[in-house]
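Quick note, the sequences are listed as chains G and Z, same order.
Under the numbering used here, the letters of the first sequence match residues 1 to 113, in that order.
Under the numbering used here, the letters of the second sequence match residues 1001 to 1111, in that order.
Ideal Cβ positions, reconstructed from N, Cα and C, are used throughout, including at glycine.
As the structure is a prediction and not an experimental result, all values here were calculated from the model.
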Amino acid sequence: KAGVTQTPRYLIKTRGQQVTLSCSPISGHRSVSWYQQTPGQGLQFLFEYFSETQRNKGNFPGRFSGRQFSNSRSEMNVSTLELGDSALYLCASRNPGGTETQYFGPGTRLLVL
Amino acid sequence: GENVEQHPSTLSVQEGDSAVIKCTYSDSASNYFPWYKQELGKRPQLIIDIRSNVGEKKDQRIAVTLNKTAKHFSLHITETQPEDSAVYFCAAFQAGTALIFGKGTTLSVSS
């Protein structure tokens, strides 16, 4: 099976812009979670989508949003970018009802200037 | 919600020594505890996990122990090698919620 993929891999934006990141889960995995990774803060949970519905949400401002499509692919959007949004954004997929194991994509490195 | 604390944040050992990383969790309903290894520039990869009905699990040089009463679990790496150098993350999970991670431990193994 192909692994989790994310596009784009690298992105440079300026403050105030918005950005959309994409994640394609492993085939058959219906749950997609998003994490923000910054030095010293580890993997901070953003949100989880399952069957096109947001099931869990972390403590991030409303500028961070996401959605999931019927094929389980997911997108996350960050509006009005701030310098502090510079981070590695990782998505992970799993198969609820199967094992709890979560598989990560390679991430999208976002730099906000 | 669940909160996971991980210690130490950095750990330096000599090749062949053992390394121990400890995590505590806050929600007693959590019942699945995976450990991920992230090498520089790569994605986190699952290395071992344990469920709440088991107290210890071993896979070659790595082992994980779980103390449900104290709500803490630990990763043990024996006979460390330079390729064990990476960032290690612990996490806690229960059905219906998200997988919550600790802040990570940077392990450096010097030869």
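Euclidean distance between Cα positions of residue i and residue j
i              : j              : result
residue 1014/Z : residue 1085/Z : 11 Å
residue 99/G   : residue 1005/Z : 24 Å
residue 1083/Z : residue 107/G  : 22 Å
residue 15/G   : residue 109/G  : 16 Å
residue 105/G  : residue 27/G   : 13 Å
residue 1097/Z : residue 1002/Z : 9 Å
residue 1027/Z : residue 24/G   : 31 Å
residue 976/Z  : residue 12/G   : Residue 976/Z is absent from the model: chain Z starts at 1001 and stops at 1111.
residue 114/G  : residue 43/G   : In the structure as shown, chain G starts at 1 and stops at 113, and residue 114/G therefore has no counterpart that could be examined.
is_contact[residue i, chain Z] using C-beta, thresh 9 Å
i            : result
residue 84/G : no
residue 52/G : no
residue 36/G : no
Strand pairing of residue i, partner residues [DSSP]
i              : result
residue 1014/Z : 1110/Z
residue 95/G   : Beta-bridge pairing links residue 95/G to no other residue.
residue 1034/Z : 1049/Z
residue 13/G   : 112/G
residue 19/G   : 78/G
residue 1086/Z : 1107/Z
9 Å Cβ cutoff, residue i in contact with chain G
i              : result
residue 1025/Z : no
residue 1065/Z : no
residue 1100/Z : yes
residue 1104/Z : yes
Residue of the options minimising C-alpha distance to residue i
i              : options                           : result
residue 1102/Z : 25/G, 28/G, 35/G and 31/G         : 35/G
residue 1057/Z : 1016/Z, 1008/Z, 1107/Z and 1077/Z : 1077/Z
residue 61/G   : 72/G, 52/G, 33/G and 47/G         : 47/G
6 Å CB neighbourhood of residue i in its chain, flanking five on each side removed
i              : result
residue 1099/Z : 1091 and 1093
residue 1106/Z : 1010 and 1087
Beta-carbon contacts of residue i that lie in its chain and below 8 Å, excluding the five residues immediately before and after
i              : result
residue 1038/Z : 1044, 1045, 1086, 1087, 1088, 1089 and 1104
Cut-off 7 Å between Cβ atoms - residues of its own chain near residue i, not counting five sequence neighbours on either side
i              : result
residue 78/G   : 18, 19, 63, 64 and 85
residue 1030/Z : 1002, 1092, 1093 and 1094
Any non-hydrogen atom of the ligand GTP closer than 8 Å to residue i Cβ
i              : result
residue 1092/Z : Ligands in the displayed structure: none, and consequently the ligand GTP is not present.
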